[in-house]
Amino acid sequence: MSARPERAQHDALTSVLGGLAAEEPGAPEGERRFVLEAQGLARAAAALGAAGGHFAGLFGCGPEPSAVVAVVAFRGELVELRGRLDGERAYPSLAAATPAALLPERELHDTTGLVPLGHPELEPLLRPDADRPQRRVAGPQTFLIPYGPIRSGVVEAMQFPIETGGEDVLAFGVRPFFKHRGLERRFAGMSLDHGAYLAERVAGPEAVAHARACARAAERAAGATVPPRAERWRLVHAELERIAAHLDTGAKLAEDAALSVGAARLGALKEEVMRLRARLCGNRFGRGVVVPGGIRNEPLLVPAEVAAALDALEADLRRDRRLLLGTASFVDRLVGSGTLAAETVTRFGGVGPVARACSLGIDARLERPYGSYPRLGFRIARATAGDAMARWEVRLQEIDQSLHLIRQALESLDRLPPELRVPVAGSGEAYGWVEAPSGELVYRLRIEGSTVAEARIVPPALRNWPLLSESFRGDVLTDVAFVEHSFNLSPAGSDR
Amino acid sequence: MLEWLVRGLRHGVLTTGYPRETEPAPAGFRGRVAVTRAEGGSAALERLCPTGAIRVRSGRVLLDRGRCVLCGACVEQAPERFAFVADYETATRSRAALVVGDVGTPAPARPALGDRRWTLRRSIFIRHVDAGSDGAEEWEIQALANPYYDLQRLGLFFTASPRHADVLLVTGGVTSPLREPLRRTYELMPEPKAVVAVGSDACSGGFAAATGEVAGGVDQVLPVDVYVPGSPPAPVAILHGLLLAAGVVTGEAPA
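What follows is the structure, given as structure tokens:
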């Protein structure tokens with residue numbers, strides 16, 4: 001992990017932030033902390049953005065809170081900008097220069113009352129009223145479809161206020177936070193183990209990613225090193241989760257295209273992955289595996305059984321995908337739908353398959369490698385077109401890479417010592433990041449002894465919601481399902 | 497399209513025979529937690545559970561499966577008292593029946609849909625509403641449509657319109673912005689109707705019950721006919737709950 005030129009990076013980061021913020025020493029490897037007055041936060045974040053930084057998130061820290069924290073990924077490190085409030089209840093908004101801060105600033109305003117001065121649209125975000133969606137386009141020939149929060153099909157609650165002139169989508173609004181459960185607050189005072197159990201229930205389809213990000217934050221804060229065998233099994237569970245999520249996307253897209261056999265086939269493959277996970281750990285979502293310090297038990301299957309199941313899955317999937325990509329009624333609906341430019345993705349801090357489908361090399365597993373990833377080989381999945389088809393192609397490539405990663409991890413297990421878990425306790429704060437199926441997920445934990453004192457989550461869905469809005473450029477109403485499912489974001493994760 | 501037809505036929509029948517045949521859960525499956533020794537418990541056992549599912553009343557250990565999120569903390573810390581059971585059929589027709597080890601008599605449940613109108617046994621339409629779940633329950637309900645479970649073979653169909661629905665499947669502990677949309681959906685449904693709470697969050701609010709952001713279970717807002725605990729309940733468990741609500745099966749979860 002330390003092969004990169006640390007010295008040169010140090011210079012790059014400090015020269016960008018020189019005079020704007022003071023570095024605080026003592027951060028664990030891979031993250032850097034800078035302290036400044038909240039007045040200067042917008043300038044510092046903009047400077048990092050101009051130098052190639054990728055904005056991740058913004059939240060309040062400490063009681064009341066005492067600081068506004070902005071997190072920016074910059075050249076292989078996670079940079080924390082902590083803007084001290086010094087009793088002030090307002091700070092200059094970051095959103096004008098950094099649109100990625102639009103949603104987090106509104107959330108912070110709703111939860112704490114802190115005012116981002118100059119925010120372009122400081123509407124309430126939490127506790128949305130389903131009957132009062134905002135209109136963005138006014139015109140005599142237009143009307144609004146308040147699609148949601150209860151929508152057709154078995155889907156999560158979310159509202160998309162769609163403005164249309166009849167067929168074309170003039171504006172596609174995104175209203176999350178119908179499912180806000182206050183879970184970040186719930187972490188405070190829990191033991192680290194209980195915190196991980198809560199983390200894996202923040203967003204079900206990304207349960208392993210949440211548990212792992214939470215556990216990693218605790219481990220980094222306490223300076224604990226996870227045994228390599230546990231890291232290998234964590235990787236297996238995380239990549240199985242990715243395969244399941246991508247197959248889920250495929251099944252939904254096939255259903256949107258009225259391709260019932262295709263949907264049934266991909267649904268059956270997803271079910272096989274879920275069953276494999278259940279046989280491996282007793283839970284279909286990989287819950288109860290990751291604990292701070294390692295994993296809880298040796299899995300219920302031996303590596304050879306997992307490998308055999310994956311071989312069968314891969315052979316099946318190969319035929320289905322060849323058929324799927326040769327079916328014009330499927331491909332035609334995806335090509336050119338919901339197209340995004342790379343520049344837009346960067347501006348809004350987009351992550352995951354959405355970013356990689358615009359040829360951006362954004363993947364936490366490579367940017368800031370963690371766990372077993374530095375030891376195993378894989379390629380970043382990328383496409384160039386930025387449309388729904390490109391996102392689906394990225395997911396297909398990622399399934400291949402995940403299978404490749406799992407096989408490598410399984411092969412190396414024989415040579416590793418049997419230790420699965422180390423104790424985690426200490427005091428301090430740290431970030432834990434993982435590449436969840438829908439993009440990078442970041443936890444920030446402050447721990448005291450073996451309890452969580454404060455937890456903050458930067459979920460990938462919150463970073464990608466604005467891009468779903470932005471991706472509607474000349475699309476029509478019947479494209480909505482395809483575009484939405486090509487993003488496949490979980491409101492449970494963003495709403496928390 | 498012909499290729500798709502061949503592709504579909506090639507795999508033969510994948511579908512489970514449930515409920516005609518029993519569907520065994522895989523070995524080690526964490527279907528529910530059983531109290532293997534209820535007597536002589538100390539109050540310290542209550543602290544093992546992050547969601548307050550364990551209660552000790554005059555030395556007797558009670559476990560509320562409606563609150564249990566199957567994290568296994570108790571099984572790990574007190575294996576002499578708690579154990580996972582590899583079982584799918586976890587649904588009950590009253591909230592009280594979810595509390596294992598309780599000696600009181602459970603409140604009488606409402607008659608199942610099929611008993612209220614027998615024609616409903618043949619074909620039942622389901623409307624799902626998410627009232628603040630973690631998203632896992634939606635995956636498991638969607639899975640009921642895949643070839644392994646094939647809900648339609650039992651005469652169960654999803655419908656978009658609540659006006660056509662007989663059963664309301666609700667996930668999540670009911671957040672405040674979703675309370676009114678949920679209530680309205682219920683009111684639009686014709687009588688007789690049944691409500692099935694899917695998942696421990698829907699039964700009790702789960703982890704979120706303590707944050708004040710959720711009502712603390714669907715039964716705080718609507719009358720609930722069947723509770724399907726689990727985090728999340730497996731597809732067969734949800735199917736069990738649906739069939740229990742319809743009156744097609746009558747066997748509830750064992751204590």
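Protein sequences, first through last, are from chains A and B.
Number 153 in this note's numbering belongs to position 153 of the first sequence; there are no gaps in the numbering.
Number 626 in this note's numbering belongs to position 130 of the second sequence; there are no gaps in the numbering.
All C-beta atoms, glycine included, are put in the ideal place defined by N, C-alpha and C.
Option nearest residue i by Cα separation, candidates the options
i                        : options                                   : result
isoleucine 362 (chain A) : A:Ala21, A:Ala390 and A:His54             : A:His54
leucine 489 (chain A)    : A:Ser471, A:Leu462 and A:Arg496           : A:Leu462
alanine 238 (chain A)    : A:Glu24, A:Pro437 and A:Leu17             : A:Pro437
leucine 718 (chain B)    : B:Pro686, B:Arg675, B:Val745 and B:Ser696 : B:Arg675
serine 471 (chain A)     : A:Thr344, A:Leu416, A:Arg175 and A:Ala264 : A:Thr344
glycine 62 (chain A)     : A:Ala96, A:Ala27, A:Ala100 and A:Leu108   : A:Leu108
arginine 516 (chain B)   : B:Pro750, B:Glu748, B:Leu541 and B:Val744 : B:Val744
arginine 528 (chain B)   : B:Leu738, B:Ala592, B:Asp560 and B:Lys689 : B:Asp560
histidine 507 (chain B)  : A:Ser359, A:Glu31, A:Val261 and A:Ser66   : A:Val261
arginine 526 (chain B)   : B:Leu498, B:Tyr584 and B:Val557           : B:Tyr584
alanine 733 (chain B)    : B:Ala569, B:Ala706 and B:Glu633           : B:Glu633
glycine 524 (chain B)    : A:Gly377, A:Leu323 and A:Asn283           : A:Asn283
valine 154 (chain A)     : B:Glu748, B:Phe703 and B:Trp635           : B:Trp635
alanine 138 (chain A)    : A:Gly165, A:Ser359 and A:Gly182           : A:Gly165
alanine 99 (chain A)     : A:Ala263, A:Ala45, A:Pro459 and A:Arg84   : A quick correction: the sequence has proline, not alanine, at residue 99 (chain A). That would be A:Ala45, whose Cα lies nearest to the Cα of proline 99 (chain A).
CB contact flag (residue i, residue j, <8 Å)
i                      : j                      : result
tyrosine 197 (chain A) : proline 575 (chain B)  : no
leucine 240 (chain A)  : arginine 277 (chain A) : yes
valine 208 (chain A)   : valine 290 (chain A)   : yes
arginine 279 (chain A) : proline 522 (chain B)  : yes
alanine 202 (chain A)  : glycine 493 (chain A)  : First, the amino acid is wrong: residue 202 (chain A) is valine here, not alanine. Contact: yes.
alanine 70 (chain A)   : leucine 41 (chain A)   : yes
leucine 117 (chain A)  : serine 93 (chain A)    : yes
Cα-Cα separation between residue i and residue j, rounded to whole angstroms
i                        : j                          : result
valine 442 (chain A)     : threonine 518 (chain B)    : 42 Å
serine 329 (chain A)     : serine 337 (chain A)       : 14 Å
arginine 375 (chain A)   : isoleucine 447 (chain A)   : 29 Å
isoleucine 399 (chain A) : alanine 307 (chain A)      : 15 Å
alanine 742 (chain B)    : histidine 624 (chain B)    : 15 Å
lysine 179 (chain A)     : leucine 334 (chain A)      : 29 Å
alanine 539 (chain B)    : valine 596 (chain B)       : 17 Å
arginine 356 (chain A)   : arginine 382 (chain A)     : 5 Å
threonine 249 (chain A)  : valine 480 (chain A)       : 14 Å
methionine 1 (chain A)   : leucine 366 (chain A)      : Because the pLDDT at methionine 1 (chain A) is just 40, under 50, the model does not fix this residue reliably, and the value given afterwards should be weighed accordingly. Using only the alpha carbons, I get a separation of about 10 Å.
valine 663 (chain B)     : serine 700 (chain B)       : 20 Å
alanine 3 (chain A)      : leucine 640 (chain B)      : In this prediction, alanine 3 (chain A) has a pLDDT of 43, which is less than 50 and means its spatial position is unreliable; nothing more can be read from the coordinates.
leucine 247 (chain A)    : phenylalanine 74 (chain A) : 32 Å
glutamate 503 (chain A)  : leucine 125 (chain A)      : This structure cannot settle anything about residue 503 (chain A), because the visible part of chain A is limited to 1 through 496.
proline 731 (chain B)    : alanine 245 (chain A)      : 17 Å
glycine 371 (chain A)    : histidine 210 (chain A)    : 15 Å
aspartate 11 (chain A)   : glycine 18 (chain A)       : 10 Å
arginine 82 (chain A)    : arginine 220 (chain A)     : 19 Å
aspartate 548 (chain A)  : methionine 389 (chain A)   : In the structure as shown, chain A begins at 1 and stops at 496. Residue 548 (chain A) is therefore absent and cannot be evaluated.
Residue range of the beta strand (DSSP E) that includes residue i
i                           : result
aspartate 630 (chain B)     : No beta strand (DSSP E) contains aspartate 630 (chain B), which DSSP labels as neither H nor E.
histidine 736 (chain B)     : No beta strand (DSSP E) contains histidine 736 (chain B), which is instead part of the alpha helix (DSSP H) from 731–742.
phenylalanine 285 (chain A) : Neither: phenylalanine 285 (chain A) is in no beta strand (DSSP E) and is coded neither H nor E.
threonine 164 (chain A)     : 160–164
aspartate 626 (chain B)     : 620–626
serine 427 (chain A)        : 426–436
phenylalanine 172 (chain A) : 169–172
Residue i CB to nearest heavy atom of the ligand PLP below 7 Å
i                     : result
glycine 669 (chain B) : In the structure on display, the ligand PLP does not appear, and there are no ligands present to speak of.
Range of the contiguous alpha helix (DSSP H) that encloses residue i
i                        : result
isoleucine 517 (chain A) : Not covered by the structure: residue 517 (chain A). The range shown for chain A is 1 to 496.
cysteine 570 (chain B)   : 569–573
leucine 266 (chain A)    : 260–281
glycine 493 (chain A)    : 491–495
valine 442 (chain A)     : Here valine 442 (chain A) belongs to no alpha helix (DSSP H); instead the beta strand (DSSP E) covers 439–449.
*Listed in chain order, which residues of the segment 616–636 of chain B have Cβ atoms closer than 8 Å to some Cβ of chain A?*
His624, Val625, Asp626, Ala627, Gly628, Ser629, Asp630, Gly631, Ala632, Glu633, Glu634, Trp635 and Glu636
*Report the residues of the segment 560–580 of chain B with a CB closer than 9 Å to any CB of chain A, ordered along the chain.*
Val565, Leu566, Cys567, Gly568, Ala569, Glu572 and Phe580
*Report the residues of the segment 151–168 of chain A with a CB closer than 8 Å to any CB of chain B, ordered along the chain.*
Ser152, Gly153, Val154, Val155, Glu156 and Ala157
*Using a Cβ-Cβ cut-off of less than 8 Å, list which residues of the segment 254–280 of chain A approach chain B; keep chain order.*
Leu259, Val261, Gly262, Ala264, Arg265, Gly267, Ala268, Lys270, Glu271, Met274, Arg275, Ala278 and Arg279
_Members of the segment 126–147 of chain A that neighbour chain B once the beta carbon cut-off is set at 9 Å_ = Leu126, Arg127, Pro128, Asp129, Ala130 and Asp131
*Anything in the segment 338–358 of chain A with a Cβ closer than 9 Å to a Cβ of chain B? List those residues in chain order, please.*
none
*Anything in the segment 477–491 of chain A with a Cβ closer than 9 Å to a Cβ of chain B? List those residues in chain order, please.*
Ser490 and Pro491
*Can you list, in chain order, the residues of the segment 201–216 of chain A whose Cβ is nearer than 9 Å to any Cβ on chain B?*
Arg201, Val202, Ala203, Gly204, Pro205, Glu206 and Ala207
*Name the residues in the segment 662–693 of chain B whose C-beta lies less than 9 Å from a C-beta of chain A; which are they?*
Leu665, Thr667, Gly668, Gly669, Thr671, Ser672, Pro673, Leu674, Glu676, Pro677, Leu678, Arg680 and Thr681
_Members of the segment 174–188 of chain A that neighbour chain B once the beta carbon cut-off is set at 8 Å_ = Phe177, Phe178, Lys179, His180, Arg181, Gly182, Leu183, Arg185 and Arg186
*Residues of the segment 722–736 of chain B with a CB closer than 9 Å to any CB of chain A: list them in chain order, please.*
Ser727, Pro728, Ala730 and Pro731
_If the cut-off is 8 Å on Cβ atoms, which residues from the segment 522–555 of chain B count as contacting chain A, listed in chain order?_
Pro522, Ala523, Gly524, Phe525, Arg526 and Pro546
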